[in-house]
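Worksheet for the structure shown next.
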DNA sequence: CGCAGGATTGAGGCGATTCAACTTCTGTGG
DNA sequence: CCACAGAAGTTGAATCGCCTCAATCCTGCG
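Encoded structure:
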């Protein structure tokens, strides 16, 4: 079925299908969503804290992060977003954005008006439920992030975030078993982990020296997944991924 | 109207009414929710990470916190929960809990089965939307928490969390303008802020010395709200409270 | 009165920071 | 194909914020 296979390429359909099986009616409604695609260069803000957007967007391609700033200009990245994510769904309910979303690489994103999203949700309660579920999963990731930043030392913190990224990338088929492309600079890691760039560098060297990771440019290779997991005190439960259904 | 005034005491009705105006039908559906009330002593876990609960609960009275633990036994509190909050709604969608919820004081909590909640949501899309909105607000608080722990020094971190608590307590009429009862020990603050108890103590002393706070037992008095806000780099936008509608 | 949990204090140590220089990449234009 | 510029990554030294350990002091309460 060419139609069905094409719909699999729609990021929202893919995301929703990973949560529950859509009826034809529901799938069609999602496919009918008017989506405006835009390409955005590296290191650009897509939306900014304080904005009052009238639409949300999904990452179709590329990496982004959501971040906040302190009054004295220090940045904290609170999440890395990968294809399929919708970093600012919140704006559907909350008038003014409390975060900014920036591209880490050149990205293509699909904008959908709040009006269209609302309409979709009101007609399809199970889709609303799925979005709500996604918000809850996102919340779980934030909680783990707090634990990571609050209670783990830099070395373990870094190991943990690398584990999270690999597992999430695997879930959207952007990573092989223990290899992935990670276009994240040390400055960005620093802002994500709440430490300095200098220290990120030192910690990465330690991880390399301990044989837990290898890097070639932006390519990350994990020679010993079990030991990295252990170093990062990582247990993927909090990501609430569908068990089993990663591949294919 | 005695009926209406009584319904105002229902924590969920109150919460929902703070988001949008319920129809009589919706209000009645919430009031009809079968809720099992329980009293739980201080320092008890209500639910634990790894549990698979078949019901969620609302805090009717008292303080709780949600927390996570690292593998080596360090605790990180990720949120303080006050009356009206439902710390584990997530369990409605996510099978296994990624957090524990513990009482800080003796609490009364109201349990509602997932079945009843699902039923309510499926019949009343606007109520689903309101719950979803709550989840988004909770997420915003987590993000700010990450920023706080990741990028602010202990002194400012503490000031910030005190600001958040006061504002949230005011919103549910549990605080006067600049005074509230805060039954949170220094150990608990330490676990919330990601610092040691000793340091919590020193930071509190600094805040007192600077005239930003006063404490009498569990009573917190804020002599200079503006300066405390400034010290905490606090801007309440992220709490997404209905503007205006605090008092009364 | 005496106990327990919470709060407080001091001293020494470590993790992480800052600052500043230096090196290595990567992409671009001559 | 090489030269160059800017970004990213690396290094060392001095310093600071916060931690740990351990003792002490409260305060409410049986």
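Protein chains in written order, with this note's numbering: chain A, 7 to 254; chain B, 7 to 254. Each residue gets a CB set at the ideal place from its N, CA and C atoms; glycine is no exception. Quick caveat: nothing in here was measured; it's all calculated off a predicted structure.
Contact set between residue i and chain B, taken where Cβ atoms lie within less than 7 Å
i	result
residue 157 of chain A	76, 80, 82, 200
residue 246 of chain A	100
residue 239 of chain A	76, 77
residue 128 of chain A	131
residue 168 of chain A	Chain B residues near residue 168 of chain A: none, gap ~16 Å exceeds 7 Å.
Chain-ordered neighbours of residue i on chain B, where CB pairs are closer than 9 Å
i	result
residue 145 of chain A	96, 141, 142, 144, 145, 148
residue 137 of chain A	138
residue 28 of chain A	Per Cβ cutoff of 9 Å: no residues; residue 28 of chain A is ~17 Å from chain B at best.
residue 134 of chain A	127, 131, 134, 135, 138
residue 123 of chain A	Simply none; closest approach about 11 Å.
Short Cβ contact (8 Å threshold) for residue i with residue j
i	j	result
residue 102 of chain B	residue 243 of chain A	yes
residue 76 of chain A	residue 241 of chain B	no
residue 38 of chain B	residue 106 of chain B	no
residue 163 of chain B	residue 104 of chain A	no
residue 118 of chain A	residue 44 of chain A	no
residue 134 of chain A	residue 59 of chain B	no
residue 126 of chain B	residue 62 of chain B	no
residue 79 of chain B	residue 144 of chain A	no
residue 147 of chain B	residue 245 of chain B	yes
residue 166 of chain A	residue 157 of chain A	no
Alpha-carbon to alpha-carbon, residue j and residue i
i	j	result
residue 113 of chain A	residue 174 of chain B	38 Å
residue 30 of chain B	residue 185 of chain B	36 Å
residue 10 of chain A	residue 34 of chain A	With a pLDDT of only 48 at residue 10 of chain A, under the threshold of 50, the placement of this residue in the model should not be trusted, and no figure is reported.
residue 237 of chain B	residue 89 of chain A	38 Å
residue 91 of chain B	residue 99 of chain A	18 Å
residue 94 of chain A	residue 70 of chain B	29 Å
residue 189 of chain A	residue 196 of chain A	14 Å
residue 19 of chain B	residue 138 of chain B	15 Å
residue 250 of chain B	residue 176 of chain B	Any reading at residue 250 of chain B needs caution, since the residue's pLDDT is 49, under 50, leaving its predicted position unreliable; the model's value is listed next. Answer to the nearest angstrom: the Cα atoms are 12 Å apart.
residue 198 of chain A	residue 153 of chain B	10 Å
residue 22 of chain A	residue 96 of chain B	18 Å
residue 233 of chain B	residue 221 of chain A	47 Å
residue 55 of chain B	residue 66 of chain B	22 Å
residue 27 of chain A	residue 136 of chain B	24 Å
residue 8 of chain A	residue 57 of chain A	For residue 8 of chain A, the predicted structure reports a pLDDT of 44, less than 50, and the residue's modelled location is therefore unreliable. The matter cannot be settled from this model.
residue 47 of chain B	residue 224 of chain B	18 Å
residue 128 of chain A	residue 32 of chain B	16 Å
residue 208 of chain B	residue 64 of chain A	45 Å
residue 210 of chain B	residue 219 of chain B	8 Å
residue 214 of chain A	residue 53 of chain A	36 Å
residue 68 of chain B	residue 42 of chain A	48 Å
7 Å CB neighbourhood of residue i in its chain, flanking five on each side removed
i	result
residue 217 of chain A	229, 230
residue 178 of chain B	88, 89, 90
residue 172 of chain A	181, 186, 228
residue 212 of chain B	161
residue 235 of chain A	169
residue 252 of chain A	Because residue 252 of chain A sits at a pLDDT of 44, beneath the cut-off of 50, its placement in the model cannot be relied upon, and the point is left open.
residue 82 of chain A	73, 74, 197, 200
Contacts around residue i, its chain only, beta-carbon distance under 6 Å, and the 5 residues preceding and following it disregarded
i	result
residue 193 of chain A	203
residue 254 of chain A	Unreliable positioning characterises residue 254 of chain A in this predicted model, as indicated by a pLDDT of 36, which lies under 50. A coordinate reading is not provided.
residue 155 of chain B	200
residue 72 of chain A	84, 85, 93, 105, 107
residue 206 of chain B	192, 195, 196
Beta bridge counterpart(s) of residue i as assigned by DSSP
i	result
residue 73 of chain A	A:83, A:106
residue 42 of chain B	B:117
residue 208 of chain B	Beta-bridge pairing links residue 208 of chain B to no other residue.
residue 186 of chain A	A:181, A:226
residue 220 of chain B	B:227
residue 26 of chain B	Beta-bridge pairing links residue 26 of chain B to no other residue.
residue 62 of chain B	B:118
residue 51 of chain A	A:108
residue 270 of chain A	Lying outside 7 to 254, the shown extent of chain A, residue 270 of chain A is not represented and no answer is given.
Partner residues on chain B for residue i, Cβ-Cβ distance less than 8 Å
i	result
residue 104 of chain A	146, 149, 150, 243, 244, 246
residue 229 of chain A	Simply none; closest approach about 22 Å.
Own chain partners of residue i with C-beta closer than 8 Å, once the 5 adjacent residues on each side are dropped
i	result
residue 151 of chain B	84, 85
residue 49 of chain A	108, 109, 110
residue 248 of chain A	24, 25
residue 16 of chain B	36, 37
residue 40 of chain B	118, 119, 122
Contact list for residue i against chain A, beta-carbon separation under 9 Å
i	result
residue 172 of chain B	Result: empty, since nearest Cβ-Cβ is about 19 Å, beyond 9 Å.
Neighbouring residues, chain A, relative to residue i (Cβ below 7 Å)
i	result
residue 22 of chain B	Those do not exist, as residue 22 of chain B stays about 13 Å from chain A at its closest Cβ, beyond 7 Å.
residue 218 of chain B	Those within 7 Å of residue 218 of chain B in chain A number zero; the least Cβ separation is about 16 Å.
Residues that residue i contacts on chain A, provided the C-beta gap is smaller than 8 Å
i	result
residue 1 of chain B	Coverage of chain B is limited to positions 7 through 254, which leaves residue 1 of chain B absent and any answer about it impossible.
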